[in-house]
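In our numbering, the protein residues as written are 99 to 212. Ideal Cβ placement from N, Cα and C applies to all residues, glycine included. Below is one structure; the comments refer to it alone.
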């Protein structure tokens, strides 16, 4: 089952790349910004609870999709870009087993223990 889930996430990552290709930006933007959602890990400097909440905000696909559709509605490529990067990064992380975090420990994720 883990292989099927990873394949699904990989295909969603490809979807994110497709959506990025529709923004008419250089691919260097995609590569350069792909890891920026990991800024949410800085919350772990405070404590595991704040870290989990911050991490999950930056890695929640629903939030990413909301940003993208808000950008579509506002006709704002920057807001769409934020949504695409958040979405693509979340998919990329989940291919490698990094899921949304529980407040108990960074290694406790919705996909299992790291």
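Shorter than 8 Å, the distance from the beta carbon of residue i to the closest heavy atom of the ligand FMN, or not?
{"i": "residue 118", "result": "This structure does not include the ligand FMN; it has no bound ligands of any sort."}
Is it buried or exposed for residue i, if we count other Cβ within 10 angstroms and need 16 for buried?
{"i": "residue 160", "result": "exposed"}
{"i": "residue 186", "result": "buried"}
{"i": "residue 180", "result": "buried"}
{"i": "residue 166", "result": "buried"}
{"i": "residue 118", "result": "buried"}
{"i": "residue 138", "result": "buried"}
In the DSSP assignment, the alpha helix (DSSP H) including residue i goes from what residue to what residue?
{"i": "residue 177", "result": "175-193"}
{"i": "residue 121", "result": "Element bounds for residue 121: n/a, residue is neither H nor E."}
{"i": "residue 160", "result": "159-172"}
Once DSSP output is grouped into helix, strand and coil, what is the label at residue i?
{"i": "residue 200", "result": "strand"}
{"i": "residue 102", "result": "helix"}
{"i": "residue 154", "result": "helix"}
{"i": "residue 108", "result": "helix"}
{"i": "residue 131", "result": "helix"}
Whose C-beta lies closer than 6 Å to the C-beta of residue i among residues of the same chain, with five residues either side of it excluded?
{"i": "residue 156", "result": "135, 138"}
{"i": "residue 190", "result": "111"}
Below 7 Å CB to CB, which residues in the same chain sit around residue i once its five sequence neighbours on both sides are set aside?
{"i": "residue 150", "result": "199, 200, 201"}
{"i": "residue 178", "result": "121, 166, 169, 170"}
{"i": "residue 205", "result": "211, 212"}
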